[in-house]
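In this note's numbering, the protein residues as written are 113 to 617.
Note that the Cβ used here is the ideal one computed from N, Cα and C, for glycine as well.
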Amino acid sequence: MSDQSTETYRHYIGGEWTDGDGTETFESTNPATGDVLGEFRRGTESDIDAALAEADDAEEEWRELSHIDRAEYLWDIYHELRERTDELAEVVTKECGKEISEGRADVIEAYHMVEWAAADARHPKGDVVPSEIPAKDAYMRRKPRGVIGCITPWNFPVAIPFWHMAVALVEGNTVVWKPAEQTPWCGQIIAEMFEDAGIPDGVFNMVQGFGDAGASIVEDERVDTVLFTGSAEVGHEVAEKVAQQPGKLAACEMGGKNNIVVTEEADLDIAVHSALMSSFKTTGQRCVSSERLVVHEDVYDEFKERFVELAQSVSVGNPLEEDTFMGPLIEAGHKEKVTKYNQLAKDEDVNVLVDRTELDDDEIPEGHEEGHWVGPFVYEAEAWDDLRCTHEEVFGPHVALLKYSGDIEEGVAIQNDTDYGLAGAIISENYRQINYFRDNAEVGLAYGNLPCIGAEVHLPFGGVKKSGNGYPSAREIIEAVTERTAWTLNNSKDIQMAQGLSADI
Ligand code: UN1
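Rendered as structure tokens:
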């Protein structure tokens with residue numbers, strides 16, 4: 113697909129490009145310039161139905177191939193992602209607004225995921241288990257679950273689709289995927305890659321569209337597992353709907369109100385830069401972005417001074433330029449939401465330290481007047497327990513400084529005082545404090561002396577509390593896309609039973 117095309121892009125169902133049943137189309141626009149990047153068919157319930165029928169039909173033959181043969185298709189995609197990294201990074205940046213090094217990181221994360229899944233094809237897939245009876249062999253064997261429905265977000269438009277699909281496919285499942293409506297161009301390119309790799313018809317299907325198409329995936333009984341990464345609001349709905357369908361599984365990973373705890377024994381260089389990366393990279397639009405910095409009173413003033421100075425000067429601008437730190441927000445509606453939260457914080461009487469909600473005209477690069485610009489918003493709050501701004505996820509560069517005193521237990525208590533539990537970090541040179549955080553922070557991803565963004569794909573990625581259930585990514589995803597069979601074989605001429613059961617009559 114070329115830049116700013118006049119063609120209307122279609123769904124990929126059963127190995128064919130199709131307009132589908134719907135008559136509507138939608139546009140992808142560049143959030144930094146407002147330029148239209150392409151026009152796409154908007155999928156309907158009946159397009160999802162067609163895709164699921166194809167996925168269902170293709171399943172039997174696909175699961176008969178070996179893991180290693182299935183992985184061959186992914187190796188082709190791995191090489192293509194590597195060869196086209198720079199070109200794809202530019203597409204990611206143009207379509208979702210992340211600055212270019214982050215666009216590149218998205219593609220790199222995607223090929224790491226594909227590499228991991230394809231290489232894993234040659235690894236053991238179950239367990240050999242001891243038995244109480246010497247003449248019995250016991251195993252845990254895995255089988256594909258069947259059809260996997262994948263609903264992915266716009267903020268990692270290349271990496272997260274491969275989190276969902278790479279292992280699912282190698283394990284012998286077929287997939288129906290709905291890319292985020294904000295990043296259909298990335299969806300189109302990924303579908304073209306599957307086509308070029310020659311994946312058998314119906315094994316991979318892509319339907320472009322909005323939440324209604326996603327809801328059809330969640331509701332259809334042919335879907336065995338739903339993988340969802342996105343907002344907590346939608347994720348909880350998905351989990352609830354799936355829970356009402358016995359036999360169906362959902363693995364959902366949602367957002368957070370993530371914290372960085374800076375103790376009195378922190379290296380403040382590491383602290384300030386980890387906070388800056390975690391709060392403002394991707395313009396605060398990662399589910400792992402930090403919105404609360406919990407700082408010990410002994411280092412609070414120095415941390416505040418240094419952090420505020422950097423937040424004031426950090427560059428917001430053309431994301432295609434290498435020295436830009438932050439690009440725009442994804443869309444106008446999101447800018448409205450972030451602006452409202454910044455206002456809400458003011459209404460809640462916090463002490464505002466940096467307010468770049470509206471950039472000055474001379475900060476906005478020429479030709480980018482239509483971009484959804486917002487800069488850092490930093491505040492401190494003393495009595496913050498009952499504030500909405502310190503508890504609700506904003507998904508933007510909106511960050512609170514919260515002071516704590518006393519021991520690390522106090523800092524971690526603040527970290528845990530949220531309904532969410534996705535990512536968190538501690539900055540400290542004291543191993544006892546670090547270990548306390550590691551063992552007691554209620555998060556799925558815990559970091560020491562690092563930003564709380566930038567997880568590697570072969571680690572489990574998922575949260576606790578309202579941030580998620582199941583792990584729709586790398587290492588743990590195998591649990592969501594395979595069934596386990598406990599297989600026990602008797603090698604003696606008699607029936608020998610565990611638990612002292614006798615077969616005598
Ligand atoms: C997300 O936050 O939406 O850990 C996904 C990271 C990336 C993935 C983030 N590997 O920051």
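- Spanning the alpha carbons of residue 400 and residue 393 requires a straight line of approximately 11 Å.
- With 16 or more other CB atoms across the displayed protein chains lying within 10 angstroms of its CB, residue 485 is buried.
- For the 8 Å CB-CB criterion, residue 250 and residue 241 form a contact.
- With a cutoff of 8 Å on beta-carbon distance, residue 441 and residue 212 are scored as not near each other.
- Between the ligand UN1 and residue 371, a heavy atom-to-CB distance of less than 7 Å is absent.
- Inclusion of residue 375 and residue 542 in the CB contact set at 8 Å is warranted, their separation being smaller than that value.
- The closest heavy atom of the ligand UN1 lies less than 7 Å from the beta carbon of residue 400.
- Inclusion of residue 221 in the 7 Å shell around the ligand UN1 follows from its C-beta lying nearer than that to a non-hydrogen atom of the ligand.
- Following the DSSP letters along the chain, one finds residue 411 inside the alpha helix (DSSP H) bounded by residues 409–425.
- Counting every other CB atom within 10 Å of its CB across the protein chains shown gives residue 148 a total below 16, marking it as exposed.
- By the criterion of at least three beta-carbon pairs nearer than 8 Å, the segment 298–314 is not in contact with the segment 602–617.
- Under DSSP, residue 581 takes part in a beta bridge, and its partners are 364.
- Sorting 545, 344, 530 and 501 by C-alpha distance to the C-alpha of residue 518 places 545 at the top.
- Taken through DSSP and simplified to helix, strand or coil, residue 305 comes out as helix.
- Judged by DSSP secondary structure, residue 317 falls within the beta strand (DSSP E) whose first and last residues are 316–318.
- DSSP places residue 262 in the strand class (E or B) of the three-state scheme.
- Taking 7 Å as the cut-off, one finds at least one heavy atom of the ligand UN1 near enough to the beta carbon of residue 268.
- Annotation for residue 567 indicates a beta carbon within 7 Å of some heavy atom of the ligand UN1.
- Fewer than three Cβ pairs drawn from the segment 139–146 and the segment 332–349 lie within less than 8 Å of each other, which leaves the two stretches out of contact.
- For residue 327, no beta strand (DSSP E) encloses it; the enclosing alpha helix (DSSP H) starts and ends at 323–331.
- Around the beta carbon of residue 500, fewer than 16 other beta carbons lie within 10 angstroms, which makes this residue exposed.
- Residue 404 sits in a strand when the DSSP states are folded into three classes.
- With at least 16 other beta carbons inside 10 angstroms of its own, residue 123 counts as buried.
- For the pair of segments examined, the segment 349–362 was found not to touch the segment 397–411: the number of CB pairs separated by less than 8 Å stays below three.
- Relative to the Cα of residue 301, the nearest Cα in the group 202, 508, 417 and 372 belongs to 202.
- With respect to the 8 Å criterion, residue 532 and residue 368 are classified as neighbours on the basis of their beta carbons.
- Contact between the segment 231–239 and the segment 320–327 is absent: fewer than 3 CB-CB pairs across the two stretches fall below 8 Å.
- For residue 450, the enclosing alpha helix (DSSP H) has its first and last residue at 444–459.
- If you draw a straight line from the Cα of residue 559 to the Cα of residue 601, it is about 44 Å long.
- With a cut-off of 8 Å on Cβ pairs, the segment 192–200 is not in contact with the segment 411–420, counting fewer than three such pairs.
- Listed as beta-bridge partners of residue 254 by DSSP are 596.
- The three-state secondary structure of residue 433, taken from DSSP, is coil.
- With fewer than 16 neighbouring CB atoms inside 10 Å of its own CB, residue 571 falls in the exposed class.
- Counting the other CB atoms within 10 Å of its CB gives residue 470 a total below 16, which places it among the exposed residues.
- Looking at 364, 535 and 567, the one whose alpha-carbon comes closest to that of residue 552 is 535.
- One Cα belongs to residue 219, the other to residue 204, and the distance between them is close to 8 Å.
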